[in-house]
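S.K.:
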Amino acid sequence: MREIVITPLKTFSIPIEAEKICPNIVSSLALKEIEGIEVWEGNRKMPLSDLFRISGDEGSTSPEDTLISLKGDFSRVKRLGEKMSAGEVVVKGNAGMHAGNSMTGGEMTIKGDAADWLGREMRGGLITVKGNAANYVGSGYRGESCGMRGGEIAIEGSAGDYLAEHMCGGKIAVEGDVGDFPGASNRGGTIHIGGNAYLPGAEMASGTIIVKGRARVLPSYQLEGTVGLEGMTLKKFLGDLVDNGKGNLYATSVE
Amino acid sequence: MIIKGGTVYDPTNGIFGEEMDISIENGKVVEKAKTGDVIDAKGLLVMPGGVDAHAHIAGAKVNTGRIMRPEDGRRGLEPKTKLLRPSTGYTVPNCYAMGYRYARLGYTTTFEAATPIIESRHTHEELEEIPIIDKGALTLFGNNWEVLECARDGDIDKLAAYISWGLRASRGYGVKVVNPGGGEAWGFGGNVTGLDDPVPDFDVTPREIIRSLMKANEMLRLPHSVHLHTNNLGKPGNYATTLETLKAVEDIASSMDRQVLHITHMQFSAYGGTGWRDFESKAPEIADYFNKHDQFTMDMGQLIFGSATTMTADAPLEYANARLLHAKWSNHDIELEESSGVVPLSYGRKMPINAIQWAIGLELALLTESPWKILMTTDHPNGGPFVNYPEVMTLLMSKPKRDEEIATLHSLVPKRSTLATLDRELDWGEIAIMTRAAPAKILGLKDKGHLGIGADADVTIYNLNPEKIDPSKDYKKVKEAFSLAKYNVKGGEVVVKDGEIVSLPQGRTYWVDATVPEEHALRVEADLVDKFTKYYSIQKSNYMVQDAYVTNPMVVKAGVI
Amino acid sequence: MVVLLKTIMISGRTLGQGATCESKTSSEFFKATSFCSLSEGDYNNLRIKEGENVLVTAPFGQVVVSAQNDDGLPPGVIFIPMGPWANVLVGPDTGGCGTPQYKGIEVEVEATDMKVKDVRELFADLDKAERKVRS
Amino acid sequence: MIIEDVLCPFCGCLCDDIKVEVEENQIVGVKRACRLGSSKIRGHERIKAPMIRVDGKLVETTYEDAYEKAARILLNAKRPLLYGWCSTVCEAQKKGVLLAEELGAIIDSTATVCHGPSIIGIEEKGLAGSTLGQIKNRADLIVFWGSNPGEAHPRHAQRYSSNSQGKYTPEGRKGRKVIVVDVRKTRTAKNADKFIQIRPGTDYEIISALRMIVAGKGDTLPEHIAGVSKADLEEVAEMMKSARFGSFLFGLGLTHTRGRYKNIDNALSLVAALNSHTKFVVMAMRGHYNVTGFGQVCAWETGFPMSVDFSRGMPYFNPGETAACDVLGRRETDAMLVIAGDPASNFPKTVVEGMADIPVIQIDPFENPTTYLSDVVIPSAVAGVEVEGTAYRMDGLSLRMKKLVDSEYPSDEEILANILECVRRLRDDN
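Residue numbers (my numbering), protein chains in the order written: chain A, 1 to 255; chain B, 1001 to 1561; chain C, 2001 to 2135; chain D, 3001 to 3430.
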């Protein structure tokens, strides 16, 4: 596998937009050419090498055979791996907003934290976050009726508000707590929450949400009984009945 | 300027594919230009600039569409350039994209299809921001309290005086009527079910409203006829209401050399069936009626597959759409005047209703013998965005193209419409009529839609040799050429060259100043004082659109002689 | 004994705030926006007298305001008019939608002898005249 | 001289029936306006002259010098923010969008700290609204939810809502029912027929419960929902369904609290559902007189109503990422122009700190805390008093504001045009 290593030359305060840091774009380029790909610092367009040091393996290969290693703090670098369909991106630090936006395949690993809109409108592939993720994981763009449609996002820490808003498919697992309104307006897909959640599944039409910690459940959910799941006893709810939803919500304890 | 040697289609002047020169001076077509640039159009198709008589391009509804649809805004993005401002949107583009995209299609004039008087200031604010093209706006009258009362009382003199005032107040061009009576009923959540269903609290029927407005329109000798969105639009079986409406006004004569009534986006009013299950086309019945009656015209309202944003003063229809499709719903009721709604949706090829609707629009155009009676529109952005006009043109010009499309659609299309059986293919001249000559004639724009001496020098040159290309077979090339004009000359100025915008003149805004006898104007004035004192939420003195909002006006005079 | 009251702070418009908000350096604006209303019970629990001051502490900051009682407030909710005093207590989180949460902030309230800062003093730490920076 | 039918440049009511008496270019009398409007029209102490900061102190300078300094600051910035816009006319707002395009800046309005969440809610659901006159003429039920017009929009009740009279509402207040839902008993709540006091942050759950009751599924609800009795909500739902024309008028009580745009989203759905039973409309009680106008102008010019980032030459909209408080709070912006707004007072102090570290340009008629953080201060004429132009009322109706007196100060539009010209000139020089 060809490894391309990208390291920031400074600490960014103005966010960098770098959707071209993506296996589909860089796999066939020589390192010299990668240095020349275009990124934005605010309203200034510049070559990648003005802001980052590029090293790693030379040569030209396919996206499948490409690993992009991002070393350092990428918390202000946005749109990493946007639309990637294959290959691997490893962020050995924090990732900025919209990491894995619209990705359809391949793997992204974020060793630190992920900022808002991780895996927005994702169609396929796998995103793993070792730290925490912020708001709108696996959601849609504003106004769209579908967010994530496929693929998988695994977060080992916690996640922020509006997790999986408008989710239509795929799977999201968060080991820790999530913020307000996980799974709002979802129409399919599966959400596993290891910790607590506040008002999950608002306007859920279909799909599954499992909350292993405490959940504050909306009054428009109907308790259907208890079920055993993964060795735990969970309350099973049907909802969101405000919209005749047929979603399944499981929670261990209810506030 | 001289446009040399093009193959010219100018149907108004009986020119169909003649090689000739067009001379231009001071923004007008002249006998012979003394000086100026020469554009070599040898072997290229030359037509008057396109005229769109019905599109929703400006005002509260359009902006509501933008605000509720950021997901549409992010489509069609084009960055700013040295000359151009950024473009956004597909179904609801920003103002600049509107002007640029029309110009690139070879269009030079577009009329906004519906403005309520009280919100016309907003409409004009947006029209002012649309670059290049000439514009106008049709003013809504079909649910206005003063209109309902005049129609109830049969007081056509007063109604004409009110229209005159309303056109001035809105800086409007003509009388638009949407679901007459239904918009008022929607004020309390109701609707009207047909021509003789009285409007609650007003004791007047849609039939009386339409007839009264048409009589007043003709009394005022307005350049355009009444422009009607029928009752029951969008509902299965509504073709009966449409035909009943036409029959109800057969006795009314036009005061001008034009139609007496224009029915807009007919596709939405040509439905058979008792419900959505047995929904079918009644385009043949509608076209047959139009073939036998010369005093009426219509436009297609062609449906385009994909995303659309429906927006109309027919608010009850929009509520029904939103509930049926579980879609976003915006509604806006306007005190004493109208109601309206906006609902985004997507038309699917495999959705039986959408596929049949698509077929109906084309059937109407192909079954109506005279292209002077049916304009090409998509009721932008209700049937789909206007950028798809080249697609519609090629569908009309090529039977193979239609067959190819039908093969991708729901299998009910051939069963519920006659489209698959129609062999007619429109020629260059007929397309020029439906997109240039006829809309100008129907709107009453004497200097538009043709290239005779004295006409506005709005000329489009397409990268097509009509002598050599067979649109039936080469429809892809035709669509490509119609999508990006080789040249668009607007008012004698080159605005598009090789598909690129090269200059940004400010277009004009047409409005109609119609005079009426003072005694009737005074009666209207008394009514208005009463209504503003008791009912309107704003002062009468702040109501009328000020001159500051129409900076480049083209005032057309009309009125009672 | 100092009573420490745990409450929820909400901010909002008032007539006085609206009438003075275009003359923010005036004493009228100060009067209209540098106070905190408490329910009668909370007010009494703090053992303060009319016009005395309270120190309000939130995770992101603390501010001294004068105190008054308002029988429209339920126990456990305090109100501070929209403005710079209230905004000392509001956190920077925009919740993913661009808008800070100005209402429903968990705060602690206690009586204090400290005086209420005027508007200039309130911004002393940020005022560029005080900082003498910038080139 | 008495000027009739003047528009009031204060709140979103945009009252257009004010009488102003002018003598020798001075406003000497204001009639019909409320305390808020009257105070604004009569005027306050002004910033005397343009100023720039030298060695920490603001010192007077010429307009030309201030324009050039402002242009240099903006041109040097990689992510400038142009903020405010709501207490000025649309003509200035248009110029602002053009300046933002030219600079590759972010342009955002005060909407993002008031009804921004309402706009995001509308993006989810659409909005079933009407003009205010429709409510005046037809509404027999008014619901004020988290809104307090008694203090924020003093003439709303009389002109447009609970106490107004119209064609189908000749009895005014007597013929209407008023419901108030709020966390505290406000001035407005004291005049309600039914007051539901809720706990802060529980709006979403209460609205969901109401939706259930309206849909006939109330039997599955518990007896208390977030502390409110089901019986109370059933009564409210019944009042809503049996009204002939209801209106749901919401304020910052819904947008500033936990749930933010989701609260609005849910309220819009409630109103849409009520339309299957009766007629119902919903409206945001907008604050500044032309905050609605900025949303309109920005939408038709850029496709989006606020928080538009032009960094890459085309509009990008994403509140949460591109709103003023987002970029200031994260310290992502390196220069700021403030016009017709006072972020130092109205943003959280923790966000205002972001302004202390970057150059700030202020355009405003009046001194305010933003002045303390500004490096260039450009005094302007008061729009709607000294400058005419367009404004949009909270219901989206546009009106033309009058000029009442002459001003020695340039208008916001003129100032922006001058800065734009400087920007273009300096850029061409390089």
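Backbone N, C-alpha and C fix where the C-beta goes; we use that ideal spot for every residue, glycine too.
Could you pull out every residue in the same chain whose Cβ sits closer than 6 Å to the Cβ of Pro8(A), ignoring the five residues on either side in sequence?
M.R.: Locating residue 8(A) in the first sequence gives position 8, where the first residue counts as 1. Closer than 6 Å at the Cβ level, and outside the excluded window around Pro8(A), lie Phe52, Gly72.
S.K.: So with Cβ pairs under 8 Å, would you call Gln1259(B) a contact of chain D?
M.R.: If you number the second sequence from 1, residue 1259(B) lands on position 259. Taking Cβ atoms only, chain D never reaches closer than 8 Å to Gln1259(B), which makes this a no.
S.K.: Please go through the same chain and pick out, in chain order, the residues whose beta-carbon is closer than 7 Å to the beta-carbon of Thr2025(C), but skip the five residues on each side of it.
M.R.: Start at 1 with the first residue of the third sequence, and residue 2025(C) comes out as number 25. Closer than 7 Å at the Cβ level, and outside the excluded window around Thr2025(C), lie Val2119.
S.K.: Out of Gly3320(D), Val3022(D), Leu3127(D), Leu3075(D), which one is the CA nearest neighbour of Arg1069(B)?
M.R.: Residue numbering aside, residue 1069(B) sits at position 69 when the second sequence is read from its first letter. Among Gly3320(D), Val3022(D), Leu3127(D), Leu3075(D), the Cα nearest to that of Arg1069(B) is on Leu3127(D).
S.K.: Ordered along the chain, which non-local residues of its own chain (more than five positions away) have a Cβ less than 8 Å from that of Val3423(D)?
M.R.: Here residue 3423(D) refers to the residue found at position 423 when the fourth sequence is read from its first residue. Hits under 8 Å: Ala3071, Leu3074, Leu3075, Leu3099, Glu3102, Leu3103.
S.K.: According to DSSP, Phe237(A) sits in a beta bridge with which residue or residues?
M.R.: By 1-based counting over the first sequence, the position of residue 237(A) is 237. Partner(s): Leu223(A), Leu249(A).
S.K.: Does the beta carbon of Thr3257(D) come closer than 8 Å to any beta carbon on chain A?
M.R.: On the fourth sequence, residue 3257(D) is found 257 positions in, with the first residue counted as 1. Thr3257(D) does not count as touching chain A.
S.K.: Given that a residue counts as buried once 16 or more other Cβ atoms are within 10 Å of its Cβ, and exposed if not, what is Arg3035(D)?
M.R.: Counted from its first residue, the fourth sequence places residue 3035(D) at position 35. It counts as exposed.
S.K.: Taking one C-beta from the region 2039-2046 of chain C and one from the region 1521-1536 of chain B each time, how about it: are there three or more such pairs within less than 8 Å?
M.R.: No, they do not touch.
S.K.: Could you check which residue in Glu3021(D), Leu3058(D), Gly3012(D) has the C-alpha nearest to that of Asp2127(C)?
M.R.: Along the third sequence, one-based indexing puts residue 2127(C) at 127. Minimum Cα distance to Asp2127(C) is reached at Leu3058(D).
S.K.: DSSP on Gly124(A), reduced to helix/strand/coil?
M.R.: Walking along the first sequence from the start, residue 124(A) turns up at place 124. Gly124(A) falls in the coil class under three-state DSSP.
S.K.: Could you tell me which chain C residues have their CB closer than 7 Å to the CB of His3044(D), listed as they occur along the chain?
M.R.: Translated into the one-based positions of the fourth sequence, residue 3044(D) becomes position 44. The answer, in chain order, is Glu2022, Ser2023.
S.K.: Is DSSP giving Val3228(D) helix, strand or coil here?
M.R.: What you label residue 3228(D) is simply residue 228 of the fourth sequence in a count that begins at 1. Strand at Val3228(D).
S.K.: Which of the three DSSP states is assigned to His1124(B) in this structure?
M.R.: Counting from 1 along the second sequence, the entry for residue 1124(B) is found at position 124. In the structure shown, His1124(B) sits in a helix (DSSP, three-state: H, G or I).
S.K.: Could you round the C-beta distance between Lys3402(D) and Val3089(D) to whole angstroms and report it? I think they count as a contact, below 8 Å.
M.R.: Here the question's residue 3402(D) lines up with position 402 in the fourth sequence. Here the question's residue 3089(D) lines up with position 89 in the fourth sequence. That belief does not hold up - the Cβ atoms of Lys3402(D) and Val3089(D) are roughly 11 Å apart, past 8 Å.
S.K.: Where does Ala1526(B) land, buried or exposed, given buried means 16+ other C-beta within 10 angstroms?
M.R.: Here residue 1526(B) corresponds to residue number 526 of the second sequence, with the count starting at 1. So Ala1526(B) counts as exposed.
S.K.: If you draw a straight line from the C-alpha of Val2133(C) to the C-alpha of Tyr2102(C), how long is it?
M.R.: In the third sequence, counting from the first residue as 1, residue 2133(C) sits at position 133. In the third sequence, counting from the first residue as 1, residue 2102(C) sits at position 102. Low per-residue confidence applies at Val2133(C): pLDDT is 47, beneath 50, and the placement is therefore not dependable enough to give any value.
S.K.: Taking only beta-carbon atoms, is Tyr136(A) less than 8 Å away from chain B?
M.R.: Against the first sequence, residue 136(A) aligns to sequence position 136. Cβ-Cβ to chain B under 8 Å: no for Tyr136(A).
S.K.: Can you tell me which of the three DSSP states Gln1295(B) falls into?
M.R.: For this step, residue 1295(B) is matched to residue 295 along the second sequence. Coil at Gln1295(B), not helix or strand.
S.K.: Run the CB neighbour count on Pro1206(B), radius 10 Å, all protein chains shown included, and call it buried at 16 or more, exposed below.
M.R.: Within the second sequence, numbered from 1, the residue matching residue 1206(B) stands at position 206. Classification of Pro1206(B): buried, given that the 10 Å Cβ count is 16 or more.
S.K.: Could you say which of Glu1244(B), Val1555(B), Asp1447(B) lies nearest to Asp1513(B) if we only look at CA atoms?
M.R.: Walking along the second sequence from the start, residue 1513(B) turns up at place 513. The residue with the shortest Cα to Cα distance from Asp1513(B) is Val1555(B).
S.K.: Using CA coordinates, which residue listed in Thr1421(B), Leu1375(B), Leu1504(B) is at the minimum distance from Glu1430(B)?
M.R.: Stepping through the second sequence from its first residue, residue 1430(B) is reached at position 430. Comparing Cα positions, the closest option is Leu1375(B).
S.K.: Can you check whether the C-beta of Gly2096(C) is within less than 8 Å of a C-beta belonging to chain A?
M.R.: Taking the third sequence and counting its residues from 1, the one referred to as residue 2096(C) is at position 96. Closer than 8 Å to some Cβ of chain A, the Cβ of Gly2096(C) qualifies, so yes.
S.K.: If the criterion is Cβ atoms closer than 8 Å, does the pair Leu1303(B) and Asn1238(B) meet it?
M.R.: By one-based count along the second sequence, residue 1303(B) stands at place 303. By one-based count along the second sequence, residue 1238(B) stands at place 238. No, these two residues do not count as a Cβ contact at 8 Å.
S.K.: For the region 37-52 of chain A, which residues have a beta carbon sitting closer than 9 Å to at least one beta carbon of chain D?
M.R.: Cβ contacts with chain D come from Trp40, Glu41, Gly42, Asn43, Arg44, Lys45.
S.K.: Could you tell me which of Leu2005(C), Cys2021(C), Ala2058(C) sits nearest to Asn2044(C), measuring between CA atoms?
M.R.: Working through the third sequence from its first residue, we reach residue 2044(C) at position 44. The shortest Cα separation from Asn2044(C) among Leu2005(C), Cys2021(C), Ala2058(C) belongs to Leu2005(C).
S.K.: Give a yes or no on whether 8 Å exceeds the smallest Cβ distance from Gln1539(B) to chain D.
M.R.: Walking along the second sequence from the start, residue 1539(B) turns up at place 539. Interface residue, yes.
S.K.: Residues in its own chain within less than 8 Å of Thr1274(B) by CB, not counting five upstream and five downstream?
M.R.: Your numbering for residue 1274(B) matches position 274 in the second sequence. If we look at Thr1274(B) and ignore the five residues flanking it on each side, its Cβ neighbours are Pro1236, Gly1237.
S.K.: Put Leu1222(B) into one of helix, strand or coil per three-state DSSP.
M.R.: Counted from its first residue, the second sequence places residue 1222(B) at position 222. Correct three-state label for Leu1222(B): coil.
S.K.: Can you name the residues of chain B whose CB is closer than 8 Å to the CB of Asp3005(D)?
M.R.: Indexing the fourth sequence from 1 puts residue 3005(D) at position 5. Correct list: Gln1539, Ser1541, Asn1542.
S.K.: Can you confirm whether the region 66-80 of chain A touches the region 4-19 of chain A when touching is taken to mean that 3 or more C-beta pairs between the two stretches lie within less than 8 Å?
M.R.: Short answer: they touch.
S.K.: Give me the Cβ distance between Thr1264(B) and Leu1228(B), rounded to the nearest whole Å; I'm assuming they're in contact under 8 Å.
M.R.: The sequence position of residue 1264(B) within the second sequence is 264, counting from 1. The sequence position of residue 1228(B) within the second sequence is 228, counting from 1. With a Cβ gap of about 7 Å, Thr1264(B) and Leu1228(B) count as contacting.
S.K.: Which full runs of the beta strand (DSSP E) of 3+ residues lie inside the region 3327-3354 of chain D, going along the chain?
M.R.: Here the runs fully enclosed are 3335-3339.
S.K.: Considering only the beta carbon of each residue, do Gly3440(D) and Gly3201(D) sit closer than 8 Å?
M.R.: Only positions 3001 to 3430 of chain D appear in the structure, and residue 3440(D) is not among them; the question remains open.
S.K.: Counting only beta-carbon separations shorter than 8 Å, does Arg1074(B) have a partner in chain A?
M.R.: One-based indexing of the second sequence puts residue 1074(B) at position 74. Output row for Arg1074(B): interface = yes.
S.K.: Residues in its own chain within less than 8 Å of His2972(D) by CB, not counting five upstream and five downstream?
M.R.: Limits of chain D in this structure are 3001 at one end and 3430 at the other, which puts residue 2972(D) out of reach.
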